[in-house]
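Worksheet for the structure shown next.
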Ligand code: PEP
Ligand code: MG
């Protein structure tokens, strides 16, 4: 059964058009289950009906025409109940709906199962048979397993169709992703490819078969030359057995029948990349379907080989990609480094196939004020190439090739956003104080570099979090002490009279250093932050020494330790900081000041040791991004569980409130530097809890100042008290949004004024 399932799903993924893929699917399923009819209905949620899309058994004329309401017929019932329905005689069922045009009178047995992706019913797959009988357990299990495996593939194929055929018969006009950074944009896609992947290729035709054959021959010969060179280089360094792999690859590529097959596809009208994909996928599928595990492994070899040739084929086509003026950057996984690279090239918006709301790339995108959408799923990147689109970073929607009316609607909203931005800029240099006189300090989260010039303009009180790992990322080796001193002096001098909190290196999780690779099964629960630097005192000491030396003459440095989970880590880190301090002092002939040291509150265990920790350090800063992740046991970077990651979850809010209350009792300085601080509703709640320092991206300072200057502290406390009584994150968010609308601040949480 497994092999048959694998074969059917692989074949489905090979098709470029959803309707064709489903039509092939029903034929294969009918055959595999030796039944007499198999059909797929897809859900149209706007019109609230299922559309018969593919069938082997029902009348061909009815495909793409016949619909069944969500509350009608057996298909509707499967969708409503969200579970399989297995009935011996469909005609006798009270929900049976007679649709003469589908010509199903002769079928009696019916087994239907929903296809569900992320809790949403995408469609129904059903099989029917003339003889009135119940389908057996194995048949039911087969269909349920197939539906579960197909769900993601169908969701991705629907997105792909929305790009290739907007407004087609499924009325799919947009792709839904996870909102990352708020804002709207209108622009053109620029695709940043990772290393070449055949899976990302969108099948495309090209009539110039001579050119395509030349491109292919060129790529194949470059790949063969590479294998020969690699094999020669490795001789003596690796075993003969391992060397044989290069030889095997070379022979596979040299194989005439493989080249002929690709050539044939080119003659059929496919471009070289598509022809390669079709043939390689076909070979890989054949290997995949074999029972012998050794032979199945060969599928990976064939794909590797295909990707190698593809990389040479793409070399020539990338050269032709230009940077659009209004660039929407799209990549498999948008990284912080990409943002740094593209921000000066007209970057207007970002879309990432993977990743979620609080990944570090999104945090940086927010810092730059760039609308961002994450986790749209596995759609071939090349299908976005040069396409025009509208991006709604509030709702996570992407409208591909929009019509004039939609563009106009967006332009109107963008103009309103700009007006709002202008309006809030007016308060940038005014104090952050509520209508009834409660003041609060707003600080900047820094690390990208550009904040230092604009920092003062944004009216910040200092730097509440300098993520030192960011300058560590874009290089090939650890920086020297001297290099670090010069970076840190620049940061300290940007706010010479105000506090600058520098966090010690916080890598691991989704922040990798190219020259210090860490491979772990659970990176967010693994070697991260202080755990790494305590294990590598040489890196920690060097960094702290550089900070202390940079601080000479300024005296505004404060040091913060990330990912603290208990007192032992604090003791160890303080001992090292002390050591660095005495070293620097003994080397210096001018006075060296001893900075304040604080810790980040982001691991739940420390919530129960706050008083002990308060005696050891000078301040606490809550890292609500990680605290939310660890309290809710949800990976902040995983699109699949993005809706569980919720900083307004009552558990998170009560934890934040507890930290504030306890810190007031312990008389320790408290701030919050997670993304929650930059959200109007978040800032309102934190103010009410008693946080009197909020650190956020520089882009949000004016907005949050505006919000604070338009609310009453007393009223915020009443709103907080109500939120702390609510029992779900959704209730909290709905209530807060209502309150913001009532206060005239709704334009900060949705598109428009
Ligand atoms: C946090 O966890 O809230 C935080 C500010 O740190 P980072 O996002 O860099 O992990
Ligand atoms: Mg953190």
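Numbering (my numbering), first residue to last: 1367 to 2119. Here a beta-carbon is modelled for each residue, glycine too, at the ideal position from N, C-alpha and C.
- Any heavy atom of ligand 2 counts here; residues with a Cβ closer than 7 Å to one of them, in chain order, are 1872, 1928, 1929, 1966, 1968, 1989, 1991 and 1992.
- With contacts defined by Cβ atoms closer than 9 Å, residue 1440 and residue 1462 form a contacting pair.
- Residues 1480, 1482 and 1487 of the same chain have their beta carbon placed closer than 8 Å to that of residue 1448, with the five preceding and five following residues left out of the count.
- Excluding sequence positions up to five before and after residue 1935, its CB lies within less than 7 Å of the CB of 1896 and 1900, all in the same chain and listed in chain order.
- Residue nearest to residue 1433 within the set 1413, 1444, 1423 and 1451 is 1413 (criterion: CA-CA distance).
- Out of 1802, 1457 and 1720, the CA that lies nearest to the CA of residue 2078 is found in 1802.
- Of the residues 1844, 1884, 1859 and 1739, the one whose Cα lies closest to the Cα of residue 1908 is 1844.
- Comparing alpha-carbon positions, the option among 2010, 1911, 1921 and 1882 lying closest to residue 1861 turns out to be 1921.
- Non-local C-beta neighbours of residue 1917 in its own chain, meaning closer than 7 Å and more than five positions away in sequence, comprise 1858, 1923, 1959 and 1961, ordered along the chain.
- Bridge pairing for residue 2028: absent [DSSP].
- For residue 1843, the CB stays at least 8 Å from every heavy atom of ligand 1.
- Here residue 1500 carries a coil assignment [DSSP, helix/strand/coil].
- Annotation for residue 1579: 1629 and 1632 place their beta carbon closer than 7 Å to its own, counting only its chain and skipping 5 residues before and after.
- Not one heavy atom of ligand 1 lies closer than 8 Å to the C-beta of residue 1629.
- The beta carbon of residue 1946 lies closer than 7 Å to those of 1907, 1910, 1911 and 1914 in the same chain, with the five residues before and after it left out.
- Beta-carbon to beta-carbon, residue 1436 and residue 1456 are separated by about 18 Å, too far to satisfy the 8 Å threshold.
- Residue 1554 holds the alpha-carbon nearest to the alpha-carbon of residue 1711 among 1798, 1750, 1759 and 1554.
- Ranked by Cα distance from residue 1626, the options 1646, 1614, 2101 and 1613 are led by 1646.
- When distances are taken from the beta-carbon of residue 1924 to the heavy atoms of ligand 1, even the shortest one reaches 8 Å or more.
- The residues 1825, in chain order, have a CB closer than 6 Å to that of residue 1795 in the same chain once the five nearest residues on each side in sequence are set aside.
- Rounded to the nearest whole angstrom, the C-alpha separation of residue 2089 and residue 1950 is 49 Å.
- Using a cutoff of 8 Å, the CB of residue 1404 does not count as near ligand 1, since none of the ligand's heavy atoms is closer than that.
- Residue 1743 is not a Cβ neighbour of residue 1546, given a cutoff of 9 Å.
- Assigned with DSSP and collapsed to three states, residue 1849 falls in helix.
- The residues 2032, in chain order, have a CB closer than 6 Å to that of residue 1977 in the same chain once the five nearest residues on each side in sequence are set aside.
- Its chain contains 1418, 1467 and 1468 as the residues whose beta carbon lies nearer than 7 Å to that of residue 1428, once the 5 sequence neighbours on both sides are disregarded; these appear in chain order.
- In this structure, the C-beta of residue 2041 approaches ligand 1 to less than 8 Å from one of its heavy atoms.
- About 7 Å separates the beta carbons of residue 2085 and residue 2054, which is inside the 8 Å limit, making them a contact pair.
- DSSP links residue 1479 through a beta bridge to 1491.
- Beta bridge pairing from DSSP links residue 1869 with 1833 and 1926.
- DSSP places residue 2044 within a helical segment (H, G or I) once states are collapsed to three.
- Just so you know, the alpha carbons of residue 2040 and residue 2061 end up roughly 7 Å apart.
- Per the coordinates, the alpha-carbon of residue 1521 lies some 10 Å from the alpha-carbon of residue 1542.
- By the Cβ criterion, the stretch 1982-1989 is in contact with the stretch 2022-2036, since at least three pairs of Cβ atoms, one from each stretch, lie closer than 8 Å.
- Annotated three-state conformation of residue 1452 is strand, per DSSP.
- In terms of CA proximity to residue 1442, 1416 leads the group 1416, 1369, 1502 and 1667.
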